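Reading through the structure tokens given below for one structure.
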Ligand code: 5GP
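Residue numbers (my numbering): 16 to 146.
Now the structure itself:
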């Protein structure tokens with residue numbers, strides 16, 4: 016059965032897409048810790064990130080770098096934090112989280128609420144900064 020993230024890649028479930036190529040996909044987290052919180056996934060389904068083959072894993076970080084550099088042009092932050100949990104969705108993914116302080120990356124924090132309009136604007140701004 017396809018994971019929820021594969022359904023996002025296939026367009027069966029909507030998302031705010033940031034970037035895509037033949038192997039990877041980046042989209043805004045639906046329940047963001049901070050504005051700009053983004054997920055990067057390989058299109059190929061693997062549950063655990065350290066079961067992803069070396070080539071795909073290496074490419075995922077390079078793809079994430081391009082996305083992170085665009086996010087940091089849009090969201091005022093000191094840097095983009097990178098983390099992997101994978102406790103909720105069994106499809107390997109990297110969280111990219113704009114950080115101003117260490118506690119911004121605490122997954123126990125209350126999530127920020129964005130309006131539809133804010134999400135749309137954010138996606139447009141980040142996409143416009145992709146190199
Ligand atoms: P993890 O598996 O790393 O513990 O957490 C999964 C992350 O995926 C969470 O931050 C959650 O908000 C996000 N997420 C779960 N389902 C969806 C979804 O349907 N759409 C989007 N955009 N994000 C999701």
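The beta-carbon is built from N, C-alpha and C at its ideal position, and this holds for glycine as well.
The model shown is predicted, which means the values in this text are computed figures rather than measured ones.
DSSP three-state assignment for residue 34, whether helix, strand or coil
strand
Proximity test, residue 46 beta-carbon vs the ligand 5GP heavy atom, cut-off 7 Å:
Flag set: Cβ of residue 46 near the ligand 5GP.
Is residue 90 near the ligand 5GP, going by C-beta to nearest heavy atom under 7 Å?
no
What separation, rounded to the nearest whole angstrom, lies between the Cα atoms of residue 22 and residue 115?
32 Å
Three or more C-beta pairs closer than 8 Å, one from the stretch 123-130 and one from the stretch 57-76: is that the case here?
no
Secondary structure, beta strand (DSSP E): runs of 3+ residues fully inside the stretch 16-89:
32-35, 39-43, 53-57
Classify residue 75: buried if its beta carbon has 16 or more other beta carbons within 10 angstroms, exposed otherwise.
buried
Distance between residue 26 and residue 134 (C-alpha atoms, nearest Å)
Answer to the nearest angstrom: the Cα atoms are 18 Å apart.
Through-space distance from residue 93 to residue 19, alpha-carbon basis:
So the alpha carbons of these two residues sit roughly 31 Å apart.
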